[in-house]
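Taking it in order: structure first as structure tokens, then the write-up.
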Amino acid sequence: MMSKFYNTHTIWIAMIVLTISTYAMGKFGYSGLGIVLFLLLTAVIKGTVIIRDFMELKGVSFLWRAIMYGWLWIVTIAIAITYVMT
Amino acid sequence: MNTAIAEKEPKLLPGDLAIWFFIFMELFVFFVAFISYAVMRSKNVEMFNEYQLTLNTELGAANTILLITSSYFVVRAIHAIKLDDTKACAFWLYSALAGGAGFLILKSFEYYDKFSHGINLETNTFYFFYLSLTMFHFLHVILGMIILLFIAIKVQRGGYGAKNHVGIESGASYWHMVDLVWIILFPLVYIIR
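Chains as they are written, first to last, in the numbering used here: chain U, 121 to 206; chain L, 127 to 319.
Here you go:
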């Protein structure tokens, strides 16, 4: 179950906190490129721990990790590009 | 003297390889859908920003918490079965199902609110994407729940154990994929502007 501070339980709590911070950004009406990038980075962090720790892909063959992390990063970067361009 | 150094073999994918090909296929479809949304938004920024404000972000956030928590319960179920604790495994799987059911109920409230205001796929481009993206995800939640339910019943009947839990890992991987997709969908459609 990993370390005392980085384990399934703390990951779950951290993701709840990140979700509340994402919600708060929307609720307070924050906008702008910096906020967009912050929110996308938050999504990447949450996606990374889901892939790494919940799906348990840590330590599997590079190909599988490349597909999953690649999907996460390509989706996020592509979305970011469309926001940067507007 | 044997000086050979044992190389560490990569871990195998959890679950059945077939479910992973299914997951990759699903992720590709959602990739196309997300990029389509982002591109269409870039061509209609004001309209997307205006109608995004009509969405219920409280329900969206609550649903995100429900799915994350449900995924966490599935992780607990996997840990339990690895310890051969079938009772705990079944408990966590049914808890995960309750999280999924909570998601469907909240999402249904959201749809009811929109449909009762006459909103449908033809209302405008924003609602077309909002409804089609979230409904497509909604169907995946239902499919994930059906898979988890079959697995939970099989666990209760003693069909899985510490040495035989590939099926549970396959279902768990699919459920985490449903969570992963929502992690992108929620900020993209409800929050980012």
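C-beta atoms are modelled at their ideal positions from N, C-alpha and C, and glycine is treated no differently.
Remember, predicted model here, so these are calculated numbers, not experimental data.
Where do the N-terminal and C-terminal ends of the alpha helix (DSSP H) with residue i fall, by residue?
i	result
L/F276	251 to 282
U/H129	128 to 147
U/E176	Counting along the chain, U/E176 falls outside any alpha helix (DSSP H), and DSSP gives it neither H nor E.
U/Y150	It is not in any alpha helix (DSSP H) - U/Y150 carries neither H nor E in the DSSP assignment.
L/N175	171 to 178
L/F312	Run containing L/F312: none; DSSP gives neither H nor E here.
U/G190	182 to 204
Leaving out five residues before and five after residue i in sequence, what residues of the same chain have Cβ atoms less than 6 Å from its Cβ?
i	result
U/R185	L177
L/F156	V307
L/M127	Here the model assigns L/M127 a pLDDT of 45, short of 50, so the residue's position is not dependable, and the following value carries that caveat. Excluding residues within five positions, none has a Cβ falling inside 6 Å.
L/L181	Y316
L/Y253	I245
L/A298	V200, I204
L/A216	A278, V281, Q282
U/T130	none
L/L247	F254, L257
L/D210	G287, A288
L/G226	S196, V267, M271
Whose C-beta lies closer than 8 Å to the C-beta of residue i among residues of the same chain, with five residues either side of it excluded?
i	result
U/A134	V169
U/V204	L153
L/S162	F255
L/T190	W308, I309, F312
Here's the rule: buried if 16 or more other CB atoms are within 10 angstroms of the residue's CB, otherwise exposed. What is residue i?
i	result
L/I145	buried
L/M151	exposed
U/W193	exposed
U/V137	exposed
L/M261	exposed
L/V171	exposed
L/E184	exposed
L/H243	exposed
L/F160	buried
Report all residues from its chain with a CB closer than 7 Å to the CB of residue i; omit the five preceding and five following residues, and keep chain order.
i	result
U/G167	L192
L/R319	N175, Q178
L/A214	A206
L/I149	S299, Y300, M303
Taking 7 Å as the cut-off, is the CB of residue i close to at least one heavy atom of the ligand COA?
i	result
L/G225	This structure lacks the ligand COA; in fact it carries no ligand of any kind.
Margin query: At a CB distance below 9 Å, what residues from the stretch 204 to 215 of chain L approach chain U? Give them in sequence order.
Written below: I204, H205
Next item on the list: Give the residues from the stretch 124 to 136 of chain U that approach chain L closer than 7 Å (Cβ to any Cβ), ordered along the chain.
Entry: Result list: T128, W132, M135, I136.
Next item on the list: List in chain order: all unbroken alpha helix (DSSP H) runs of 4+ residues lying wholly within the stretch 184 to 241 of chain L.
Entry: Entirely contained in the stretch 184 to 241 of chain L, not one alpha helix (DSSP H) run reaches 4 residues.
Notebook entry, point to check: Going along the chain, which residues of the stretch 293 to 311 of chain L sit with their C-beta nearer than 7 Å to a C-beta in chain U?
Noted result: Of all residues in the stretch 293 to 311 of chain L, S299, H302, D305, L306, I309, I310 have a Cβ within less than 7 Å of some Cβ in chain U.
Check: Can you list, in chain order, the residues of the stretch 173 to 193 of chain U whose Cβ is nearer than 7 Å to any Cβ on chain L?
Finding: Going along the stretch 173 to 193 of chain U in chain order, one finds F174, M175, E176, G179, V180, S181, W184, I187, W191 with a Cβ nearer than 7 Å to chain L.
Notebook entry, point to check: Got a sec: which bits of the stretch 168 to 186 of chain L sit with their beta carbon under 7 Å from any beta carbon on chain U, in order along the chain?
Noted result: S168, V171, T183
Notebook entry, point to check: Taking a cut of 8 Å between CB atoms, which residues from the stretch 187 to 203 of chain L lie near chain U?
Noted result: A187, T190, I191, I194, T195, S197, Y198, V200, V201, R202
Notebook entry, point to check: Where are the alpha helix (DSSP H) runs, 4 residues long or more, that stay fully inside the stretch 136 to 174 of chain L, in chain order?
Noted result: 143 to 169
Next item on the list: Could you run through the stretch 145 to 159 of chain U and flag, in chain order, every residue whose CB is less than 7 Å away from some CB of chain L?
Entry: Going along the stretch 145 to 159 of chain U in chain order, one finds M145, G146, K147, S151, V156, L159 with a Cβ nearer than 7 Å to chain L.
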